[in-house]
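Take a look at the structure set out below.
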Amino acid sequence: MSIDMTEDSNVPYAIRTYPPEKLKDALRKMYLIRKFEEGAEDSYTRGLIHGTMHLCIGQEASSVGTCLSLTDSDKITSTHRGHGHCIAKGADVAKMFAEFFGKETGYCRGRGGSMHIADPSKGNLGANGIVGGGLPIAVGAALSAKRLGRDDVTICFFGDGANNEGAFHESVNMAAVWKLPVVFVCENNKYGMSTSIDRSTSVKSIADRAKGYDIPGVSVDGNDISAVAEAIETAVARARAGEGPSLVENVTYRWRGHSKSDRNRYRTKEEISDWMERDPIPRFAADLVSHGILSDAEVAELDADTDREIAEAIDFARSGPDPDISALTRDVYTETAA
Amino acid sequence: MREITLSQAVNEAIAEEMRRDPTVFLLGEDVAEAGTPFKVLSGLVEEFGTERIIDTPISEPGFVGLAVGAAMTGARPIVDLMFGDFLYLVMDQLCNQAAKQHYMSGGKLSVPMVLRTNLGATRRSAAQHSQSLQALVAHIPGLKVALPSSAYEAKGLMKTAIRDNNPVVIFEDKLMYQDKAPVPEEEYLIPFGEANIKREGTDITLIATSSMVQVAEKAAETLAAEGISAEVIDPRTIVPLDEATLIESVKKTSRAIVIDEGHQSYGVTSEIASRLNEKAFYHLDAPVLRMGAMDVPVPFSPALEDLTVPTPEGVAAAARKLCSGELIHAA
Chain A
1 MSIDMTEDSN VPYAIRTYPP EKLKDALRKM YLIRKFEEGA EDSYTRGLIH GTMHLCIGQE
61 ASSVGTCLSL TDSDKITSTH RGHGHCIAKG ADVAKMFAEF FGKETGYCRG RGGSMHIADP
121 SKGNLGANGI VGGGLPIAVG AALSAKRLGR DDVTICFFGD GANNEGAFHE SVNMAAVWKL
181 PVVFVCENNK YGMSTSIDRS TSVKSIADRA KGYDIPGVSV DGNDISAVAE AIETAVARAR
241 AGEGPSLVEN VTYRWRGHSK SDRNRYRTKE EISDWMERDP IPRFAADLVS HGILSDAEVA
301 ELDADTDREI AEAIDFARSG PDPDISALTR DVYTETAA
Chain B
1 MREITLSQAV NEAIAEEMRR DPTVFLLGED VAEAGTPFKV LSGLVEEFGT ERIIDTPISE
61 PGFVGLAVGA AMTGARPIVD LMFGDFLYLV MDQLCNQAAK QHYMSGGKLS VPMVLRTNLG
121 ATRRSAAQHS QSLQALVAHI PGLKVALPSS AYEAKGLMKT AIRDNNPVVI FEDKLMYQDK
181 APVPEEEYLI PFGEANIKRE GTDITLIATS SMVQVAEKAA ETLAAEGISA EVIDPRTIVP
241 LDEATLIESV KKTSRAIVID EGHQSYGVTS EIASRLNEKA FYHLDAPVLR MGAMDVPVPF
301 SPALEDLTVP TPEGVAAAAR KLCSGELIHA A
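First to last, the sequence lines map onto chains A and B.
When the letters of the first sequence are read in order and numbered with my numbering, they come out as residues 1 to 338.
When the letters of the second sequence are read in order and numbered with my numbering, they come out as residues 1 to 331.
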């Protein structure tokens, strides 16, 4: 089968832009995120994981589409709902689960947990437990790239809730004034905990916030990986060319509640089921099949492989050692100096 | 030895480190052409340009956060926070982000940044430009806190801070910027966690920080004339704290007053006094006294403001009472 690669064709952007291996890996990561979250939820229900967690089931296209064209030296800052960002940026799910299980073998040796996974080797500067906390940090990473002559771009993930934090406005303004290589990616899942954006936000679309800072702002269907990837590539190219930041709003939806304490009283079952019908994963899988990138059998194989990978990751996490209690105070300060 | 002002000392330290290390840069409000309201940074932008001496918008939480992100990715930023009172604006980035990144990431991330700001009342600046908030940040694990008491300390501690891979907060006494002290021409650094015994004595230990070191030294002069021998110690950094030197001194003198310009309650003086009680209790002949700023917002009127901070006369009077055996209990 031959694919019409022209821009006017009906072939989605991602499919006419990326090689088959990259597209296959994107679908694999979407499965992995979904199953990671389901595995985390199941482990929590069984009492194996403590604390709380913020699941991104339903938002996989936003994470994977945003990170699709990034290199390992490109940076991201993430949020409390950050498991998908980690996986999209190349994290190892076994070390992520080990962190959730509070083990020495976890990404942060059990010091961080679900809200603080960082993996600088892949450019992941960490998730954040404070809404809006990562925004200035992302701009700082972009400032250091510019100052030190690196060509990496920083992707700053944040949620609709953070768009009303002062940190958002200060960060976007400074990035715009100094034309820093950062892309602000708002995952608008419509609710900050239980408060809908209709009740919290003065603009119809969060992308409209860009006008206040004279930077490009675009709102896309965050459940369409192609639409996300296209918007991000444009923004990343602009950033890398030294033309400054952009704001991309990925409109999406979290199927689960805000956290484990959420009883979903602020939204209807119908609203949730409507969004579940817009599941980004089968949508992308169907596109890949219809355009001849993968066969149905290959999709089924990815599905099964990621099930196995998650099961093995949970086994790795469960069997890992607890942190050594004699090292409880290690890493409060680093002993090294310049 | 030549004498330079505290302001010149800070300026020299930053310039030397910026020449030595291209990853060092400075950002804050009115730092470039203006050189800060106190003119501490005058001339730096001429040498290093606006790429490395960066005027920011008035966005304190934002630019402190920028420094955190830059520090996490290979740069060594110095943030200039115009007044110590503005620390309240930047608490999330300083205490939730900078202080915790290294620990939360299991040692993978580090935040080699310096936040330089100031402390000190009696400048007639009223309650929002006069506070000494070192206790707030000293309370947070992950931050180091330096309190230079003269031009000599200001230079040596600043250079150490810039080379440290942890977030460091340096408070300069804004009333001392024009005070001169001997500062060597040749390079030196002052290690963190090493107290300086400013004056040796045998009857009482006066532990004083920053602006209060000269207060303690004046009190010690007065006391010496009366036959009371006071030892004056400047911890220089309160995180890390050179506990050993303080305890050794108190074991020798068996009396101590701790003096710091922050509010007395729940403050630096309370912490150091507690440690002395815990670790030198059986060597003490009198309760360890705390002398901090009064627990009141700093008033504007000079007639009121001057009463809120410890003075040499007050310290000497308290020392006399301790040495004469007249025990004092906090009111």
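By construction, the Cβ of each residue, glycine as well, lies at the ideal position given by its N, Cα and C atoms.
Task: Distance between beta carbons of B/T222 and B/A316, contact taken as under 8 Å - done: 5 Å
Open item on the list: Let me see if you follow: with CB-CB separation under 8 Å, is B/P191 close to chain A or not?
Closed with: no
TODO: Classify B/E12 as helix, strand or coil using the three-state DSSP reduction.
DONE: helix
Open item on the list: Below 7 Å on C-beta distance, what does A/S139 contact in chain B?
Closed with: Note that residue 139 of chain A corresponds to Val in the displayed sequence, not to Ser. Going along chain B in sequence order, the residues near A/V139 (Cβ under 7 Å) are L66, G69.
Task: C-alpha gap between A/R318 and A/K122, whole angstroms - done: 24 Å
TODO: Just the chain B side, please: which residues come within less than 7 Å of A/P120 by C-beta, in chain order?
DONE: K108, L109
TODO: Please look up how many angstroms separate the CB atoms of A/V93 and A/E301, rounded, as I've assumed it's under 8 Å.
DONE: Incorrect: roughly 18 Å between the Cβ atoms, too far for contact.
- [ ] Can you give me the Cβ contacts of B/M113 inside the same chain, cut-off strictly under 6 Å, excluding the 5 residues immediately before and after it?
- [x] A67, A71, P77, P167
TODO: Indicate whether at least one CB of chain B lies closer than 8 Å to the CB of A/P181.
DONE: no
- [ ] Apply the 10 Å Cβ neighbour rule to A/S290 and answer buried if 16 or more other Cβ atoms are within range, or exposed otherwise.
- [x] exposed
TODO: Starting from B/R290, follow its DSSP beta bridges and name the residues at the other end.
DONE: B/V258
Open item on the list: Below 8 Å on C-beta distance, what does A/Y333 contact in chain B?
Closed with: H102, G142, K144, N166
Task: Contained alpha helix (DSSP H) runs [length at least 4] in the stretch 253-282 of chain A, N- to C-terminal order - done: 269-276
Task: Residues of the stretch 65-83 of chain A whose Cβ lies closer than 7 Å to any Cβ of chain B, in chain order - done: K75
Open item on the list: Taking 8 Å as the threshold (beta carbon to beta carbon), is A/L148 in contact with chain B?
Closed with: yes
Open item on the list: I need the straight-line Cα distance from B/A330 to B/L89, nearest angstrom please.
Closed with: Because the pLDDT of B/A330 is 47, which lies under 50, any placement of that residue in the model is unreliable, and the number read from its coordinates should be weighed accordingly. Their Cα atoms are separated by approximately 33 Å.
- [ ] Just tell me which of A/K179, A/E38, A/D42, A/G132 has its CA closest to the CA of A/S78.
- [x] A/G132
- [ ] Using three-state DSSP, classify A/C108 as helix, strand or coil.
- [x] coil
Task: 8 Å Cβ cutoff met for A/D315 and A/G102 - done: no
Open item on the list: Cβ closer than 9 Å: which chain B residues qualify as neighbours of A/Y107?
Closed with: S105, G106, K108
- [ ] Report the rounded CA-to-CA distance for A/I281 versus A/A229, giving the unit in angstroms.
- [x] 15 Å
Open item on the list: Counting only beta-carbon separations shorter than 8 Å, does B/D85 have a partner in chain D?
Closed with: In the structure shown, chain D does not exist; the protein chains are A and B.
Open item on the list: Rounded to the nearest angstrom, what separates B/V45 and B/V10 at their Cα positions?
Closed with: 15 Å
- [ ] List the whole-angstrom C-beta distance separating B/S7 from B/F38, where the pair is believed to meet the contact cut-off of C-beta under 8 Å.
- [x] 7 Å
Open item on the list: Within the continuous beta strand (DSSP E) that includes A/V64, where are the two ends?
Closed with: That residue, A/V64, is in no beta strand (DSSP E); its alpha helix (DSSP H) goes 60-67.
Open item on the list: With a threshold of 7 Å (Cβ to nearest heavy atom), would B/N196 be considered close to the ligand NAD?
Closed with: Of ligands this structure carries none, so the ligand NAD is not represented either.
Task: Residue from B/G65, B/A303, B/A286, B/T23 whose Cα sits closest to the Cα of A/V172 - done: B/G65
TODO: Give the DSSP-derived three-state secondary structure of B/H263 in the structure shown.
DONE: strand
Task: Local Cβ density within 10 Å of B/R19, reported as buried at 16 or more and exposed below that - done: exposed
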